[in-house]
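Undergrad:
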Amino acid sequence: MNQKVKNLIQKLGEAIHESVSESEDIAGVVKNIREQGFDVLLMLEATIGLNEVEAEADEATDAADEGIEGPFTSNDVTFLKSLRISLTEDEPTDTTDSTDITEA
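Residue numbers (this note's numbering): 4 to 107.
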């Protein structure tokens, strides 16, 4: 990851922190909690995930190559496989299409 993207991610983190710190709603609730005799320690964790746009197009192609239809990327399929969940397509028994997710 290049330095410019790292700087942008850091700025995003700072912007999230600032918006939480300056939120009147949060400040009001914290004040109410303190009025009830409690001290407040607020810790938030943010996970920022990045996927290159070009990589997403390749993932969709990879998923199509695996014969998987639907809104699943190869990351989705990999995650489901890590949970021992496989995607199977059953022949529809009625007029609606269905995709079942079953545990392997």
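C-beta atoms are modelled at their ideal positions from N, C-alpha and C, and glycine is treated no differently. Since we're looking at a predicted model, the values are computed, not measured.
How long is the line joining the alpha carbons of Ser26 and Val32, rounded to whole angstroms?
TA: Here the question's residue 26 lines up with position 23 in the sequence shown. Here the question's residue 32 lines up with position 29 in the sequence shown. Their Cα atoms are separated by approximately 10 Å.
Undergrad: Quick check: what's the CA-CA separation for Ile29 versus Ala49?
TA: By 1-based counting over the sequence shown, the position of residue 29 is 26. By 1-based counting over the sequence shown, the position of residue 49 is 46. The straight-line gap from Cα to Cα measures roughly 17 Å.
Undergrad: Between Leu45, Leu47, Asn78, which lies nearest to Asn54 when the distance is taken from Cα to Cα?
TA: Walking along the sequence shown from the start, residue 54 turns up at place 51. Ranking the options by Cα distance to Asn54, first place goes to Asn78.
Undergrad: From which residue to which residue does the alpha helix (DSSP H) around Ser22 run?
TA: Here residue 22 is taken as the residue at index 19 of the sequence shown, counted from 1. Segment 6-24, the alpha helix (DSSP H) holding Ser22.
Undergrad: Assign Phe75 to one of two classes, buried (16 or more other C-beta atoms within 10 Å of its C-beta) or exposed (fewer than that).
TA: Counting from one through the sequence shown, the residue named residue 75 turns up at place 72. Per the 10 Å Cβ criterion, buried.
Undergrad: Please list the terminal residues of the continuous alpha helix (DSSP H) segment that includes Asn78.
TA: Residue numbering aside, residue 78 sits at position 75 when the sequence shown is read from its first letter. Counting along the chain, the alpha helix (DSSP H) containing Asn78 begins and ends at 77-85.
Undergrad: What do you get for Leu45, buried or exposed, if any count of 16 or more other CB atoms within 10 angstroms of its CB means buried?
TA: Counted from its first residue, the sequence shown places residue 45 at position 42. Exposed, because fewer than 16 other Cβ atoms sit within 10 Å of the Cβ of Leu45.
Undergrad: For Leu15 and Asn5, I'd like the C-alpha separation in whole angstroms.
TA: The count along the sequence shown starts at 1 and reaches residue 15 at position 12. The count along the sequence shown starts at 1 and reaches residue 5 at position 2. Approximately 16 Å, taken between the alpha carbons.
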